[in-house]
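Trainee: Can you keep this structure in mind? I'll have questions shortly.
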Amino acid sequence: MKFGVITFPGSNCDEDAVLAVTEGLGADAVRLWHKDHDLQGADVVILPGGFSYGDYLRAGAIARFSPIMQEVIAHANRGGPVIGICNGFQIACEAHLLPGALLRNDSLQFRSQEVILRVENASTRFTNRYTAGQLLRIPIAHGDGRFTIEADGLRRLEDAGQVVFRYVDSKGNATAGANPNGSLDNIAGIVSAGGNVLGMMPHPERAIYQWLGSRDGLALFESMLAHVAA
Amino acid sequence: MGATPRPGDPVITPALVAEHGLTPDEYTRLERMLGRTPTFTELGIISALWSEHCSYKHSRPVLRTLPTKAPWVLQGPGENAGVISVGDGLAVAFKIESHNHPSAVEPYQGAATGVGGILRDVFTMGARPVAMLNSLRFGALDSARVRWLVSGVVKGIGDYGNCVGIPTVAGEVVFDPAYEGNPLVNAMCVGVLQEKDLIRAKAQGVGNPVIAVGARTGRDGIHGASFASEDLTEASEAKRPRVQVGDPFTEKLLLEASLELITSGHIVAIQDMGAAGLTSSSAEMAERGDVGVTIDTTLVPVRETGMTPYEILLSESQERMLVVAKKGHEDHVRAILEKWDLVAAVIGEVIAEPVYRVTEGDHVVAEFPGSRLVTDCPVYTPDAAEGADVQRLRAEDVHAIPEKAEESDPLWTLRQLLSSPTIASKRWITRQYDSTVRASTMLGPGDADAAVIRLKGTNKGLAVKTDCNGRYVYLEPRVGGRIAVAECARNIACTGARPMAITNCLNFGNPKRPEVFFQFREAVAGMGEACTALDTPVTGGNVSFYNESPLGAVFPTPTIGMVGLLECADDVVQGAFRTPGDAILLLGTPTAELGASEYLSRIHGRTTGAPPACNLAHERALVDCLVEAAAARVLSSAHDCSDGGLAVALAESAMMRREAAVGADIDLSAFASLPVRALLFGEAQGRAVVSSPNPDAVAALAARHGVPVHRIGTVGASGGSFSITVGSHRWSTGVETIADAWHDAIPSLMARVAISSDDAAPAAAGSA
């Protein structure tokens, strides 16, 4: 399985994603350039974190129009897997690969901290190596992470099991205190209706080794390999 | 020959000269160097280059006394950043710099551009930035204006570093009324490079093109360097336009493009256009290379029309670099810049003739002989004399200061100290900084005394820290200078890393005042002694004078930025007690010292007494002992004793990880002969609190290094009680009560409604 990691101008987690996939997972990764129209045979596309195009105008709003994104959208429409992390989640929403939007944190401040995530759906191609209800420790680092969606959309997400991760406290409860950014219903990550696009604000690529404080993010990438093998 | 005025240039008058910050003597010196009256453009150039900020004219002779050499030092002072070897062909570049004056009048942009500037200093050496640190000083948080400054500075640092994608992992923040009118904002950057990619900012090769790279030049920040070289006054607010405006997105592109340029082999030198912009970058590169240079300002890409050579030369527009490329490689350079959507323009060339020449088209508007532009700068050695008031304070018998009634319960005093903003958790600040990007942070903010990042591709770890206790330096500059280095080394060693080298940011008042120059000279002497004893040479730094406002001078604050090396990153030691049942040991010995303490400041509102003695042989032994103990893997935790003394160090060890707070049962009866408040809150140096499952091994190791070791307690249960026994007295409380005091202090202060630039404006207050 080959992962393609896109570098937009202003991406700053692209190298972290490449290393997570290559050194952490032991898979192949290829770097993709925003000005190109070629996914270079990548099976999975990662839209990494950062501040693409400076996040001017609105986070992710300009990146969706970049040349490579036209290929990513076509890839996703063919059912190809895409992971959007942090700024990548914002880009995926702007590109309508995922429903909803990410607003400024309710604190109006950037938040960099470890959060606890509860796995809400362990049957997706991104989470099959977790168990439902499992608690993960993964860092966040963002200023615009407050997930929101209209009431109908929220119901559709919940009914279809598209909510994949929620912010919870150490006992596993989705409390207001455990919500770092004011996201609707503590939602931290979702998948598309087709199940092939994942968007999440936390950074699994920063939780690959115990020496980083947690290796709970590795199983997300392992899940992709397991999905192909299955 | 030589330069002639442009049409419309103002006539050079004594008033114009004074406005440019030159003394009559300095102006005479300039005329003698040129052999004629300078043009307006030349006056502007000299005003910038001979400003304190660029020329170090009051500090150079003193700085020369610092130790700068060691076998692992690849680049000492004089370049954009210092560089040390860390083995395996890898090197570390690092530097600290101040952005105090801009931050005082425009905290958000002032702090942001401080981060941007120090990043560029590091990546121009060919190093990829891997960590940022900040050393901040503010007045008391009771003031709405201080809260406005804190909010703005923190957001400025965060927004810039977060966007560029460099983790901000460590630093320190101190609050004291001494910084009320003049906050200090010092930013440090650490980068990693292959030794073979090290590049220096030295113009070479006659005929090689000089290329401006990055953002276009605008009218912002003109005379920023001169602004940084004068006291802050009521009029400083009006100089807000001298503060530059940063764009971290462009910086990120410039970072990638610059590193690509450096490894491409198409360039010979590169330098940040920082303070004094194009002027200082081009003059310094020419001086280092001992060559001439000519620049045509009409070729510089600008943001607006009608800019004069004077403005183009002195603009401090951000995110710009000056590059000397190999002749014939211009298109390759352009292609790399275009890839990153940036501009590159040939604006001049390296010439054999030993002159620094600026033209506007064909018209020569400035011409200086040889490299004398930089080297002919005047040097001063002002009078130095200690102030009588400080001598009086230092001589005070602090033990005679009566205790308050509440102090009969030392846990009350402890909670007061833990909630002092200088000591309290800084998480309200650090959670606004991305500390985990680059996926290499082993210990980040609040995890230990220093931050540790893993060096990719190796099994090594790099520890980084900044430190300085300005109160000590104020009360006894030489001792304070020593302690700044020693404390930094202790913090580095507590993580298990071997201290390697330092960079410094010397924040002082007006050097023309004898008591300030005395502080400067003595503090630097103390630093030098400590650097020699600890084998941590100085690789560069920055001097910031004129940190004075109508409220007075700041505490003299020679901030130390240190890097240390962990040969095996997995040996890393964190700061908090972890395992119930572990023995708690004190390395080093308590004393009756209480002077210059946070205790006297917080509880009694007094800055007084002599700071604790600093025995450098003891400090060295403690550092060696901690490093060896980490490598022997006998420590569960290590945390040094500094602000607030032993009791604060113990309390922090128990609850710095709030969700994993543990109890501790402490018995200090062996020291019952000391005054209790000195025992608990005195700041005797050369000490660290460690916990270990194997106290005998720690004791044996300490004995071998000649470090006194005392078993003083046992780590308790999760959420257990924190108790201290001294002889027949025993005080006990739930660990959560001390955790609340430490963790909630700054958030509750910052939650106060008013955050304002207008309330209690210090300039207005001082002008009454």
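Respectively, the protein sequence lines represent chains A and Z. Here this note's numbering is used: the first residue of the first sequence is 11, the next is one more, and so on. Here this note's numbering is used: the first residue of the second sequence is 1215, the next is one more, and so on. We put the CB at the ideal spot given by N, CA and C, even for glycine. Note that the structure is a prediction, hence the values are computed from the model and not measured.
Could you give the distance in angstroms between the alpha-carbon of Val1787 of chain Z and the alpha-carbon of Gly1296 of chain Z?
Mentor: Taking the second sequence and counting its residues from 1, the one referred to as residue 1787 of chain Z is at position 573. Taking the second sequence and counting its residues from 1, the one referred to as residue 1296 of chain Z is at position 82. Between Val1787 of chain Z and Gly1296 of chain Z, the C-alpha separation is close to 27 Å.
Trainee: For the segment 177-196 of chain A, which residues have a CB atom closer than 8 Å to at least one CB atom of chain Z, in sequence order?
Mentor: Hits within the stretch, in order: Ser180.
Trainee: Examine chain A for any beta-carbon lying closer than 9 Å to the beta-carbon of Pro1583 of chain Z, and answer yes or no.
Mentor: Residue 1583 of chain Z sits at position 369 when you count from the first residue of the second sequence. Chain A, which has no Cβ nearer than 9 Å to the Cβ of Pro1583 of chain Z, makes this no.
Trainee: Find the residues of chain A that neighbour Trp1207 of chain Z, judging by a C-beta separation of less than 8 Å, and give them in chain order.
Mentor: The shown model of chain Z, from 1215 to 1982, leaves out residue 1207 of chain Z, and the question about it has no answer.
Trainee: In chain order, which continuous runs of the beta strand (DSSP E) of length 3 or greater are located wholly inside the segment 1559-1628 of chain Z?
Mentor: The segment 1559-1628 of chain Z contains these whole beta strand (DSSP E) runs: 1569-1574 and 1577-1583.
Trainee: Grouping DSSP H, G and I as helix and E and B as strand, with all else coil, what is Trp1286 of chain Z?
Mentor: Here residue 1286 of chain Z corresponds to residue number 72 of the second sequence, with the count starting at 1. DSSP places Trp1286 of chain Z in coil when its eight states are reduced to three.
Trainee: May I ask you to list, following chain order, the residues of the segment 1790-1817 of chain Z that have a beta carbon less than 9 Å from some beta carbon of chain A?
Mentor: Flagged: no residues at all.
Trainee: So Met1656 of chain Z is in the beta strand (DSSP E); what residue range does that whole segment cover?
Mentor: Along the second sequence, read from residue 1 onward, the residue named residue 1656 of chain Z stands at position 442. From DSSP, the beta strand (DSSP E) with Met1656 of chain Z extends over Thr1655 to Leu1657.
Trainee: Can a CB atom of chain Z be found closer than 9 Å to the CB of Ile218 of chain A?
Mentor: Counted from its first residue, the first sequence places residue 218 of chain A at position 208. At least one chain Z Cβ lies under 9 Å of Ile218 of chain A.
Trainee: Note down, one range per segment and in chain order, each alpha helix (DSSP H) of at least 4 residues found wholly within the segment 1323-1387 of chain Z.
Mentor: If we require 4 residues or more, the alpha helix (DSSP H) runs fully inside the segment 1323-1387 of chain Z come out as 1358-1378.
Trainee: Taking the Cβ atom as the reference point for each residue, do Ala1698 of chain Z and Asn1721 of chain Z lie within a distance shorter than 9 Å?
Mentor: For the purposes of this step, residue 1698 of chain Z is taken as the residue at position 484 of the second sequence. For the purposes of this step, residue 1721 of chain Z is taken as the residue at position 507 of the second sequence. Contact: no.
Trainee: Given a threshold of 16 other Cβ atoms within 10 Å of its Cβ, counted over all protein chains shown, does Gln2 of chain A qualify as buried or as exposed?
Mentor: This structure does not reach residue 2 of chain A, given that chain A is present from 11 up to 240, and the question cannot be answered.
Trainee: Which residues in the same chain have their Cβ closer than 6 Å to the Cβ of Asp1973 of chain Z, if we skip the five residues on either side of it in sequence?
Mentor: Taking the second sequence and counting its residues from 1, one reaches residue 1973 of chain Z at position 759. Note on Asp1973 of chain Z: pLDDT 48, under 50, position unreliable in the model; the coordinate value appears next. Ala1358 and Arg1359.
Trainee: Any C-beta of chain Z sitting closer than 9 Å to the C-beta of Gln119 of chain A?
Mentor: What you label residue 119 of chain A is simply residue 109 of the first sequence in a count that begins at 1. Chain Z, which has a Cβ nearer than 9 Å to the Cβ of Gln119 of chain A, makes this yes.
Trainee: Considering just the uninterrupted stretch of the alpha helix (DSSP H) at Arg1704 of chain Z, what are its terminal residues?
Mentor: For this step, residue 1704 of chain Z is matched to residue 490 along the second sequence. First-last of the alpha helix (DSSP H) with Arg1704 of chain Z: Pro1691 to Cys1708.
Trainee: What are the uninterrupted segments assigned as beta strand (DSSP E) that are 3 or more residues long and contained completely in the segment 1707-1780 of chain Z, given in chain order?
Mentor: Correct list: 1712-1721, 1752-1758 and 1771-1780.
Trainee: Please compile the residues from chain Z whose C-beta is within a distance smaller than 7 Å of the C-beta of Pro149 of chain A.
Mentor: On the first sequence, residue 149 of chain A is found 139 positions in, with the first residue counted as 1. Here the neighbours are Thr1650.
Trainee: Round the Cβ separation of Ile1774 of chain Z and Thr1627 of chain Z to the nearest angstrom and send it over; I've been treating them as touching at under 8 Å.
Mentor: The residue labelled residue 1774 of chain Z in the question sits at position 560 within the second sequence. The residue labelled residue 1627 of chain Z in the question sits at position 413 within the second sequence. About 29 Å; that fails the 8 Å criterion.
Trainee: Do you know offhand how far Val1287 of chain Z's Cα is from Asn1829 of chain Z's?
Mentor: Looking up residue 1287 of chain Z in the second sequence gives position 73. Looking up residue 1829 of chain Z in the second sequence gives position 615. Roughly 26 Å between the two C-alpha positions.
Trainee: Mind pulling the beta strand (DSSP E) runs of 3 or more residues that sit fully within the segment 1428-1502 of chain Z?
Mentor: With a minimum length of 3 residues, the continuous beta strand (DSSP E) runs that stay inside the segment 1428-1502 of chain Z are 1481-1486.
Trainee: Please report how far the alpha carbon of Ser1349 of chain Z lies from the alpha carbon of Pro1772 of chain Z, in whole angstroms.
Mentor: Translated into positions along the second sequence, residue 1349 of chain Z becomes position 135. Translated into positions along the second sequence, residue 1772 of chain Z becomes position 558. So the two alpha carbons sit approximately 11 Å from each other.
Trainee: With a Cβ-Cβ cutoff of 9 Å, do Arg1747 of chain Z and Gly1900 of chain Z count as a contact?
Mentor: Walking along the second sequence from the start, residue 1747 of chain Z turns up at place 533. Walking along the second sequence from the start, residue 1900 of chain Z turns up at place 686. At residue 1747 of chain Z the sequence reads Ala, which differs from the Arg that was named. For Ala1747 of chain Z and Gly1900 of chain Z, no; Cβs fall outside 9 Å.
Trainee: Could you list which residues in chain D have their beta carbon closer than 7 Å to that of Arg1645 of chain Z, in chain order?
Mentor: Any reference to chain D falls outside this structure, whose protein chains are A and Z.
Trainee: My understanding is that Asn131 of chain A touches Val173 of chain A, with C-beta atoms under 8 Å, so please give their C-beta distance in whole angstroms.
Mentor: Looking up residue 131 of chain A in the first sequence gives position 121. Looking up residue 173 of chain A in the first sequence gives position 163. Yes, they are in contact, since the Cβ atoms of Asn131 of chain A and Val173 of chain A sit about 7 Å apart, within 8 Å.
Trainee: Looking only at DSSP bridge pairs, what is Gln1408 of chain Z linked to?
Mentor: As a working mapping, residue 1408 of chain Z is identified with position 194 in the second sequence. Its beta-bridge partners are Z:Leu1304.
Trainee: Near Gly1980 of chain Z, what residues of its chain come up, given a Cβ to Cβ distance below 6 Å and the 5 sequence neighbours on each side ignored?
Mentor: Here residue 1980 of chain Z refers to the residue found at position 766 of the second sequence. With a pLDDT of 30 at Gly1980 of chain Z, under the threshold of 50, the modelled position of this residue cannot be trusted, and the question is left open.
Trainee: Beta-carbon of Gly98 of chain A versus every beta-carbon of chain Z: anything under 9 Å?
Mentor: Position 88 of the first sequence, counted from the first residue, corresponds to residue 98 of chain A. With 9 Å as the cut-off, Gly98 of chain A does not count as an interface residue toward chain Z.
Trainee: Leaving out five residues before and five after Val1557 of chain Z in sequence, what residues of the same chain have Cβ atoms less than 6 Å from its Cβ?
Mentor: Counting from 1 along the second sequence, the entry for residue 1557 of chain Z is found at position 343. Around Val1557 of chain Z: Pro1515.
Trainee: Cys1377 of chain Z versus chain A: which residues are under 9 Å apart at the beta carbon?
Mentor: If you number the second sequence from 1, residue 1377 of chain Z lands on position 163. Residues of chain A passing the Cβ test: Gly20, Asn22, Gly60, Phe61, Gly64 and Asp65.
Trainee: Compare the C-beta of His47 of chain A with all C-beta atoms of chain Z and state if any pair is closer than 9 Å.
Mentor: As a working mapping, residue 47 of chain A is identified with position 37 in the first sequence. So, not an interface residue.
Trainee: Does any residue of chain Z bring its CB to less than 9 Å from the CB of Gly153 of chain A?
Mentor: Position 143 of the first sequence, counted from the first residue, corresponds to residue 153 of chain A. Taking Cβ atoms only, chain Z reaches closer than 9 Å to Gly153 of chain A, which makes this a yes.
Trainee: Which residues of the segment 1457-1472 of chain Z have a Cβ closer than 7 Å to any Cβ of chain A? Give them in chain order.
Mentor: For the segment 1457-1472 of chain Z, which is checked against every Cβ of chain A, the residues closer than 7 Å are Phe1463, Lys1466 and Leu1467.
Trainee: With DSSP collapsed to three states, give me the class of Arg166 of chain A.
Mentor: On the first sequence, position 156 is the one that residue 166 of chain A refers to. Correct three-state label for Arg166 of chain A: helix.
Trainee: In whole angstroms, what separates the C-alpha of Leu1625 of chain Z from that of Ala1797 of chain Z?
Mentor: Locating residue 1625 of chain Z in the second sequence gives position 411, where the first residue counts as 1. Locating residue 1797 of chain Z in the second sequence gives position 583, where the first residue counts as 1. Those two C-alpha atoms are separated by around 22 Å.
Trainee: Which residue spans inside the segment 1852-1891 of chain Z form an unbroken beta strand (DSSP E) run of at least 3?
Mentor: The segment 1852-1891 of chain Z contains these whole beta strand (DSSP E) runs: 1876-1881.
Trainee: When you compare the CB positions of Gly14 of chain A and Leu42 of chain A, do they come within less than 9 Å of one another, or not?
Mentor: The residue labelled residue 14 of chain A in the question sits at position 4 within the first sequence. The residue labelled residue 42 of chain A in the question sits at position 32 within the first sequence. Yes, Cβ-Cβ distance for Gly14 of chain A and Leu42 of chain A is below 9 Å.
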